[in-house]
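K.L.:
Each residue of the sequence shown is one higher than the one before, starting from 108 at the first, in my numbering.
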Amino acid sequence: MAKDMKKKYPELKRRMKEAQAIGAASGLAGWDQETMMPPKAAGSRAEQLAALAGVYHEKTTEPAIGRLLRKLTKDGKGLGSGERACVREWMRDYRRATKLPVDLVRELAKVTSLAQDAWIKARRASDFGSFAPWLKRVVALKRREAKCLGYKGHPYDALLDAYEPEMTVEMLDPIIEGLREGLVPIVAALLGARKKPDSRVLTRRYPEALQEELCREVMGIMGVDREASRLDRSAHPFCCGMAPTDVRITTRFNERWLPQALYGVMHESGHALYEQGLPMKQHGTPLAEAVSLGVHESQSRLWENMIGRSLPFVKFIHPRLKKRFPAQLAGVGPRELFRALGRVEATPIRVESDEVTYNLHIVLRYDLEKALLVGDIGVRDLPGLWNDRMKELLGITPKDDAHGVLQDTHWAQGLIGYFPTYLLGNLNAAQLWHRIRRDVPAVDSKIAKGSLGPILKWLRERVHRHGRRFPPAELIRRATGRPLSPGYFIEYLKGKYGEIYDISSWGPARG
Ligand code: MG
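(1) How many Å lie between ARG496 and ASP483 at the Cα?
(2) Taking the C-alpha atoms as reference points, what is the distance between MET413 and LEU522?
(3) Less than 7 Å between C-beta atoms, sequence neighbours within five positions excluded: which residues of the same chain meet that for ILE328?
(4) Whole angstroms is fine: what's the gap from ARG472's alpha carbon to LYS217's?
(5) Of the choices VAL194, MET274, LYS147, whose alpha-carbon is the least far from that of PRO622?
(6) Where does MET349 fall in DSSP's three states?
(7) Cα-Cα, which of ARG542, LEU531, ALA453 is closest to THR504?
(8) So, using beta-carbon positions, are ALA368 and THR358 closer together than 7 Å?
(9) Could you compute how far the alpha carbon of MET326 sits from the alpha carbon of ALA537?
(10) Taking just the CA atoms, how far does ALA350 sit from ALA131?
(11) How long is the line joining the alpha carbons of ALA586 and GLY438, rounded to whole angstroms?
(12) Quick one, which of ILE129, LEU492, TYR116, GLY260 has its alpha-carbon nearest GLY185's?
(13) Cβ of GLU271 versus every heavy atom of the ligand MG: is any distance shorter than 6 Å?
(14) CA-CA distance, GLU396 and ARG152?
(15) Please report the residue range of the beta strand (DSSP E) in which LEU400 lies.
(16) Taking DSSP's pairing of strands, which residues face ASP339 in a bridge?
(17) For the alpha helix (DSSP H) holding PRO578, just list the boundary residues, first then last.
(18) Considering only their Cβ atoms, is the gap separating MET373 from GLY415 smaller than 7 Å?
(19) Output the distance between the C-alpha atoms of ARG307 and ALA447, rounded to the nearest integer angstrom.
(20) Mapping the DSSP letters down to three states, classify SER233 as helix, strand or coil.
(21) Would you tell me roughly how many angstroms separate the C-alpha atoms of ILE456 and PHE238, rounded to the nearest one?
(22) Should MET123 go down as buried or exposed, given a rule of 16 or more other Cβ atoms within 10 Å for buried?
(23) Taking GLU476 as the reference, which of GLY285, GLN435, TYR525, GLY260 has the closest Cα?
(24) Tell me which same chain residues have a C-beta within less than 6 Å of the C-beta of CYS255, skipping the five on either side of it?
(25) Does the distance from the C-beta atom of LEU156 to that of ALA128 stay below 7 Å?
(26) The alpha helix (DSSP H) that contains PHE596, what's its start and end?
(27) Can you list, in chain order, the residues of its chain whose CB lies under 8 Å from that of PHE599, leaving out five sequence neighbours each side?
(28) Is SER460 near the ligand MG, going by C-beta to nearest heavy atom under 6 Å?
(29) Tell me where the alpha helix (DSSP H) around LYS259 begins and ends.
(30) When you compare the segment 525-535 with the segment 259-278, are there three or more beta-carbon pairs, one atom per stretch, that lie closer than 8 Å?
(31) Classify ASP200 as buried or exposed, calling it buried when 16 or more other Cβ atoms lie within 10 Å of its own Cβ.
(32) So what does DSSP say about GLY618, is it helix, strand or coil?
(33) Just verifying my parser: in three-state terms, what is the DSSP assignment at LEU513?
(34) Alpha carbon to alpha carbon, what distance is there between GLU320 and ARG340?
(35) Can you tell me whether SER399 sits near the ligand MG, meaning its C-beta is under 6 Å from at least one heavy atom of the ligand?
(36) Can you check whether the CB of TRP241 is closer than 7 Å to the CB of ALA222?
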């Protein structure tokens, strides 16, 4: 039997590695579409991507793969622990992929593609009514998807699981409730503060070419491997890893908003460091794949916010900025710059919000998605509920639906269950950061000198190198010694914004 296993595992691995290579080629074609592709190539590219997606689906759902997986799951005696983890994760992917009937997969692809078109037009005209019928169809299909995939508690679990394996509403609800409770007094104090940081310095004119030069320098300081990465421009910044040796990131520049490119690049470089830190020896298997979106986003947020927007890092970057922008930064020291970067404001737009208010945007979407999925609310109720909740959580009302319920593309794309991973990213990041500060000696003075290697080494060891060996919640528990808790993020905010806003007492948490 053991001899038989010896042949089965390599056979499975060979097939899965081939499928992974096709997935990576499709990722590359997607990257090209956003960065380099001439506009007239859109039609042929769509055909190429659809063809690759079809081959990928066929290769990963072949009955032969199912047979190999079942045998190796039943009897994995000859396998090492890494191989067993691969079988477990491949089985997880196989089950998800084969549980959905082909007609549902096709219908979802078709409806979400048309819904995106409808959403673009509806957002432009701020006309929710024209998008509502499409959203209704998407929600109905996602309900069916959840039913096909199966769940024990809430139907939302089945959708969330695609982005954050093994996370459930039952686990997430108390985390989010704890976060909301902790955030309310902080947000109230910061938005109501009489003296606010002046951020006008960030809106002076910063020439793009010099910003780009600085961004590339920062990537190097963070430890992004230049020989295994690229930085390009795109409308929406992203990171895309084909292999640990081939990771692409993008950014966009705004000459009138200094943080845009600098912190955008730090964010995407955080994602890139994770991709580059996956073990190349295991490339093509789950051991060299990122474990979840919530863990991926923790890497980007940690580098962008916990490190990049900290006073020690601003002290480090200040002379490098001053060298390039002496007139723009005349009379502005590191501390003023740090304060300017830490201005907190209620904005109706999620992607423009700061790290404090950001999570309330997610709380709002999470509550609505769950209620929508079980039918507690209908699509037509969304604009009203959205605005009511925005008023309640942030004290503002969007001027129209384009700045409210229509602002994000996720629902049009069928990505229900995706939003909470942004929030998990912030919480994971704060908890990892808390532990890094204990484990890495004199971390602040290291950051102030631009010596970030010890932080990267810690992340490599505790997070990156494991790939999908452990489920995300277990990975975070192993890395930090504790299960995920919103308390670390709340304490982080209190420390940092207490300093920026000169606040020492935050008032009691309230509901
Ligand atoms: Mg990100």
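For each residue, glycine too, the CB sits at the ideal point set by N, CA and C.
Keep in mind the model is a prediction, meaning the values are calculated, not measured.
P.N.:
Here's the rundown:
(1) In a straight line, the C-alpha of ARG496 is about 16 Å away from that of ASP483.
(2) About 28 Å.
(3) For ILE328, same chain residues with a beta-carbon under 7 Å away, outside a window of 5 residues either side, are GLY557, LEU559 in chain order.
(4) Cα-Cα distance, rounded: 24 Å.
(5) The question about residue 622 has no answer here: the residues shown for the chain are numbered 108 through 618.
(6) Strand, per DSSP.
(7) For the residues ARG542, LEU531, ALA453, the minimum Cα distance to THR504 belongs to ALA453.
(8) For the 7 Å CB-CB criterion, ALA368 and THR358 form a contact.
(9) For MET326 and ALA537, the distance between alpha carbons rounds to 22 Å.
(10) For ALA131 and ALA350, the gap between their C-alpha atoms comes out near 8 Å.
(11) Approximately 42 Å between the Cα atoms of the pair.
(12) Measuring from the Cα of GLY185, the nearest candidate turns out to be TYR116.
(13) For the ligand MG, no non-hydrogen atom lies closer than 6 Å to the CB of GLU271.
(14) Whole-angstrom Cα-Cα distance: 26 Å.
(15) In this chain, LEU400 is not harboured by any beta strand (DSSP E); it is covered by the alpha helix (DSSP H) spanning 400-408.
(16) The partner list for ASP339 (beta bridge, DSSP) reads THR357.
(17) Note, PRO578: premise wrong, no alpha helix (DSSP H); not H, not E.
(18) Taking 7 Å as the cut-off, the Cβ atoms of GLY415 and MET373 count as close.
(19) Rounded to the nearest angstrom, the two C-alpha atoms are 8 Å apart.
(20) Looking at SER233 - three-state DSSP - the assignment turns out to be coil, as it is neither helix nor strand.
(21) Roughly 19 Å between the two C-alpha positions.
(22) Burial call: buried.
(23) Looking at the Cα atoms, TYR525 is the closest of the given residues.
(24) Only LYS206, LEU207 meet the Cβ criterion.
(25) A distance of 7 Å or more separates the beta carbons of LEU156 and ALA128.
(26) Bounds of the alpha helix (DSSP H) holding PHE596 are 594-608.
(27) Note that residue 599 is Tyr in the sequence shown here, rather than Phe. Non-local C-beta neighbours of TYR599 in its own chain, meaning closer than 8 Å and more than five positions away in sequence, comprise MET413, ALA537, TRP540, HIS541, ordered along the chain.
(28) No, the ligand MG has no heavy atom inside 6 Å of this Cβ.
(29) Segment: none, LYS259 is in no alpha helix (DSSP H) and carries neither H nor E.
(30) With the cut-off at 8 Å, the segment 525-535 and the segment 259-278 touch.
(31) Around the beta carbon of ASP200, a 10 Å sphere encloses 16 or more other beta carbons of the protein chains shown; the residue is thus reported as buried.
(32) Interpretation of GLY618 is limited by its pLDDT of 44, a score under 50 that renders its predicted location unreliable; the figure taken from the coordinates is listed afterwards. Residue state for GLY618 is assigned as coil, using DSSP reduced to three classes.
(33) Here LEU513 sits in coil by DSSP.
(34) Pairing ARG340 with GLU320, the inter-Cα distance amounts to about 14 Å.
(35) With a cut-off of 6 Å, the C-beta of SER399 is classified as distant from the ligand MG, since no heavy atom of the ligand falls inside that distance.
(36) Yes, Cβ-Cβ distance for ALA222 and TRP241 is below 7 Å.
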